[in-house]
Amino acid sequence: MKKISLLVLVVIMLASLGFASVDTAQKNDTLKQKNDTSSSITVPAPAGSSEAVRLALLDLRSELKSAFQLNTPHDLNAINSYLTALAQIEEAHQFFLENFTKAGSKQNNSPMTGKSSKEKNALSMYEACSLYTVIALIQINKNKLDDNILQASHRSDSIHTELSKVYESIINLERGRASELKGKLEDENAKALALQQEADRRFKELQSELIKVRKDVRGTIISMSDLLFAFDKADLTNDLKTALAKIAGILSVYKKFHVAVEGHTDNIGTAEYNKDLSGRRANNVKDFLIAQGVEATRLSSIGYGFTKPIASNKTKDGRQKNRRVDLVVMDKK
Amino acid sequence: MKKYYVIKWLVPVSLSLFLCCISSYRMLSKTSVTEAGTLKNYCEQNNIQAPEITKGDSLFASANVQLQQGKTNDGYRELNLAVLYYRVALSNQELNQSQKRYDEATKQLNEDEFQLSTYQEVLNGLKDLRKAGQQ
Chain A
7 MKKISLLVLV
17 VIMLASLGFA
27 SVDTAQKNDT
37 LKQKNDTSSS
47 ITVPAPAGSS
57 EAVRLALLDL
67 RSELKSAFQL
77 NTPHDLNAIN
87 SYLTALAQIE
97 EAHQFFLENF
107 TKAGSKQNNS
117 PMTGKSSKEK
127 NALSMYEACS
137 LYTVIALIQI
147 NKNKLDDNIL
157 QASHRSDSIH
167 TELSKVYESI
177 INLERGRASE
187 LKGKLEDENA
197 KALALQQEAD
207 RRFKELQSEL
217 IKVRKDVRGT
227 IISMSDLLFA
237 FDKADLTNDL
247 KTALAKIAGI
257 LSVYKKFHVA
267 VEGHTDNIGT
277 AEYNKDLSGR
287 RANNVKDFLI
297 AQGVEATRLS
307 SIGYGFTKPI
317 ASNKTKDGRQ
327 KNRRVDLVVM
337 DKK
Chain B
122 MKKYYVIKWL
132 VPVSLSLFLC
142 CISSYRMLSK
152 TSVTEAGTLK
162 NYCEQNNIQA
172 PEITKGDSLF
182 ASANVQLQQG
192 KTNDGYRELN
202 LAVLYYRVAL
212 SNQELNQSQK
222 RYDEATKQLN
232 EDEFQLSTYQ
242 EVLNGLKDLR
252 KAGQQ
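Which chain is which? The protein sequence lines are A and B, in order.
Letter by letter, the first sequence follows residues 7 to 339 in my numbering.
Letter by letter, the second sequence follows residues 122 to 256 in my numbering.
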């Protein structure tokens with residue numbers, strides 16, 4: 007018997023020590039937070055009777071239910087918060103019904119002071135219910151926002167899909183336009199080629215003993231012998247004027263052609279004299295063409311003297327070939 | 122014989138019941154204190170500032186005083202309220218974060234819609250040009 011009593015005593019002492027250790031830990035926390043100031047928020051404790059508080063609880067319940075019905079959440083946290091808040095409200099309401107609601111009782115209408123343990127519990131339960139309600143409402147709102155974010159994300163995805171379709175349509179349209187332009191360009195080129203060929207054909211018709219027509223990289227070259235000029239002079243003979251008038255006629259049709267008139271001589275005489283003579287002949291040809299209606303901007307003239315022979319100056323025949331005026335017909339400047 | 126029965130059965134059963142109650146009580150009180158403390162620490166570490174936290178801190182401090190004075194009912198009632206205030210603050214913070222994400226998503230959506238309408242205008246313009254070119 008003594009042993010058992012001793013055992014009970016030891017157990018009680020151990021239990022007391024356990025409490026003491028909890029108390030010490032709490033004491034430390036309390037000391038740390040001694041300077042905390044209480045704030046003036048947030049849940050309004052309804053002033054008035056227990057009946058007013060009970061009705062306020064019912065208001066909380068209906069507010070909660072209507073928020074739930076309006077934005078029914080599918081998030082488990084929100085649903086859990088809602089159910090917890092409802093359960094707490096129900097429990098508190100039951101507490102009020104059991105402890106304060108008595109027919110004809112004065113305490114129904116007398117203001118709650120919170121002095122008695124029952125009133126303290128009741129007010130605390132109300133405050134807890136308000137906080138549970140606030141948390142549930144926040145969770146429901148958050149769930150709604152998260153839903154909206156998800157919807158915005160889906161809408162954004164569909165916009166991006168639509169955007170890529172529009173991009174593709176623009177690209178296809180541009181591709182179509184490019185191939186259309188390419189077709190037009192090819193048509194233009196074909197027309198230009200046909201014109202060029204027609205012009206060449208007409209230039210070739212000028213070909214004679216004294217006028218030679220050939221092609222090189224610069225374009226069509228119409229080479230006129232110096233026999234078409236008066237001897238040792240720059241004046242144009244009638245034969246040359248006739249040929250030049252035909253050329254002017256062709257140039258007036260094919261507007262895109264530009265003509266460089268180049269005078270050349272053989273190597274007999276000084277370089278200066280030959281340059282001057284070839285320059286004057288080229289100039290006269292240019293002036294004649296202008297007089298025939300060819301725009302001056304499409305024409306240029308230069309005298310090269312004997313610097314650009316096309317045959318040997320050692321033979322009579324070669325020198326004859328070198329004495330000439332070339333019309334270089336180019337399809338651009 | 123009756124005395125022996127009491128010693129053999131009743132005392133150990135009572136003792137184990139007593140121990141069981143004490144441990145549950147200690148566990149419950151510890152849980153409540155721990156939950157409030159954990160939430161308080163979390164709010165402090167994440168520098169979350171809200172009037173609800175001030176209120177929770179105040180209740181937490183007051184609860185500790187009550188528990189120290191042996192007023193366990195009042196103490197745990199205040200601890201529970203402190204936990205709820207911390208939870209309100211944290212829920213509010215989550216709501217604000219969701220609101221921020223929603224605002225950003227809406228802004229992005231508006232920009233996307235503007236871009237789409239611009240490109241649709243470009244496309245329609247090109248189509249009109251093409252039609253005019255064909256005519």
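A virtual CB, placed ideally from N, CA and C, is assigned to each residue, including glycine.
As the structure is a prediction and not an experimental result, all values here were calculated from the model.
For residue i, which option in the options has the closest C-alpha, if you only look at C-alpha atoms?
i                      : options                    : result
residue 332 of chain A : A/118, A/307, A/322        : A/307
residue 216 of chain A : A/243, A/226, A/222        : A/243
residue 71 of chain A  : A/57, A/96, A/298, A/182   : A/96
residue 168 of chain B : B/182, B/183, B/154, B/210 : B/210
residue 219 of chain B : A/328, A/78, A/90, A/147   : A/147
residue 247 of chain B : A/130, A/184, A/165        : A/184
residue 66 of chain A  : A/226, A/83, A/135, A/76   : A/135
residue 165 of chain A : B/239, B/251, B/249, B/250 : B/239
residue 60 of chain A  : A/298, A/131, A/337        : A/131
residue 235 of chain A : A/120, A/64, A/330, A/264  : A/330
residue 83 of chain A  : B/185, B/188, B/215        : B/215
residue 6 of chain A   : A/85, A/79, A/127, A/80    : In the structure as shown, chain A begins at 7 and stops at 339. Residue 6 of chain A is therefore absent and cannot be evaluated.
residue 320 of chain A : A/310, A/309, A/99, A/273  : A/273
residue 242 of chain B : A/169, A/162, A/151        : A/169
residue 251 of chain B : A/122, A/123, A/179, A/99  : A/179
residue 239 of chain A : A/264, A/283, A/263        : A/283
residue 177 of chain B : A/194, A/133, A/206, A/68  : A/133
Could you spell out where the beta strand (DSSP E) holding residue i opens and where it closes?
i                      : result
residue 3 of chain A   : Chain A is shown from 7 up to 339; residue 3 of chain A falls before or after that span and cannot be answered.
residue 306 of chain A : 305-309
residue 264 of chain A : 264-270
residue 217 of chain A : 217-222
Buried or exposed for residue i, please, with buried defined as at least 16 other CB atoms from any protein chain shown within 10 angstroms of its CB.
i                      : result
residue 224 of chain B : exposed
residue 94 of chain A  : buried
residue 149 of chain B : Its pLDDT being 48, under 50, residue 149 of chain B is placed unreliably in this model, and the value from its coordinates should be taken loosely. Counting Cβ neighbours within 10 Å, residue 149 of chain B comes out exposed, since fewer than 16 surround it.
residue 87 of chain A  : buried
residue 196 of chain A : exposed
residue 300 of chain A : buried
residue 189 of chain A : exposed
residue 44 of chain A  : Note on residue 44 of chain A: pLDDT 32, under 50, position unreliable in the model; the coordinate value appears next. Classification of residue 44 of chain A: exposed, given that the 10 Å Cβ count is below 16.
residue 292 of chain A : buried
residue 254 of chain B : exposed
residue 256 of chain A : buried
residue 259 of chain A : exposed
residue 117 of chain A : exposed
residue 233 of chain B : buried
residue 253 of chain A : buried
residue 335 of chain A : buried
residue 228 of chain A : buried
residue 56 of chain A  : buried
residue 223 of chain A : exposed
residue 145 of chain A : buried
residue 182 of chain A : exposed
residue 159 of chain A : exposed
residue 90 of chain A  : exposed
residue 212 of chain A : buried
residue 185 of chain B : buried
residue 318 of chain A : exposed
residue 207 of chain A : exposed
For the alpha helix (DSSP H) that residue i lies in, which residues bound it at each end?
i                      : result
residue 254 of chain B : 193-255
residue 226 of chain A : Unbroken run through residue 226 of chain A is the beta strand (DSSP E), 225-231; no alpha helix (DSSP H).
residue 290 of chain A : 277-297
residue 140 of chain A : 123-210
residue 320 of chain A : Note, residue 320 of chain A: premise wrong, no alpha helix (DSSP H); not H, not E.
residue 100 of chain A : 82-105
residue 167 of chain B : First-last for residue 167 of chain B: undefined, no H or E at that position.
residue 252 of chain A : 244-259
residue 301 of chain A : Here residue 301 of chain A belongs to no alpha helix (DSSP H), and DSSP marks it neither H nor E.
residue 61 of chain A  : 56-76
>> What are the residues in the region 143-167 of chain A lying within 8 Å of chain B by C-beta distance?
In response: 144, 145, 147, 148, 151, 152, 154, 155, 158, 159, 161, 162, 165, 166
> With contact counted as at least three CB pairs below 8 Å, one residue from each stretch, are the region 284-295 of chain A and the region 318-328 of chain A in contact?
Replying inline: no
> Which residues, taken in chain order from the region 123-143 of chain A, show a beta carbon closer than 8 Å to some beta carbon of chain B?
Replying inline: 123, 126, 127, 130, 133, 134, 137, 138, 140, 141
>> Taking beta-carbon pairs under 9 Å, can you tell me which members of the region 173-204 of chain A lie near chain B?
In response: 173, 175, 176, 179, 180, 182, 183, 186
> When the Cβ atoms of the region 261-271 of chain A are set against those of the region 308-322 of chain A, are three or more pairs found closer than 8 Å?
Replying inline: yes
> Using 8 Å as the threshold, is the region 272-280 of chain A in touch with the region 245-263 of chain A, meaning 3 or more CB pairs across them?
Replying inline: no
> Would the region 139-148 of chain A and the region 166-183 of chain A be scored as touching if the rule is three or more Cβ pairs under 8 Å?
Replying inline: no
> Can we say the region 176-192 of chain B touches the region 218-232 of chain B, given the rule of at least three CB pairs closer than 8 Å?
Replying inline: no
>> At a CB distance below 8 Å, what residues from the region 211-236 of chain B approach chain A? Give them in sequence order.
In response: 212, 213, 215, 216, 219, 220, 222, 223, 226, 227, 229, 230, 233, 234, 236
> Three or more beta-carbon pairs under 8 Å between the region 200-215 of chain B and the region 152-162 of chain B, yes or no?
Replying inline: yes
> For the region 215-240 of chain A, which residues have a CB atom closer than 7 Å to at least one CB atom of chain B, in sequence order?
Replying inline: none
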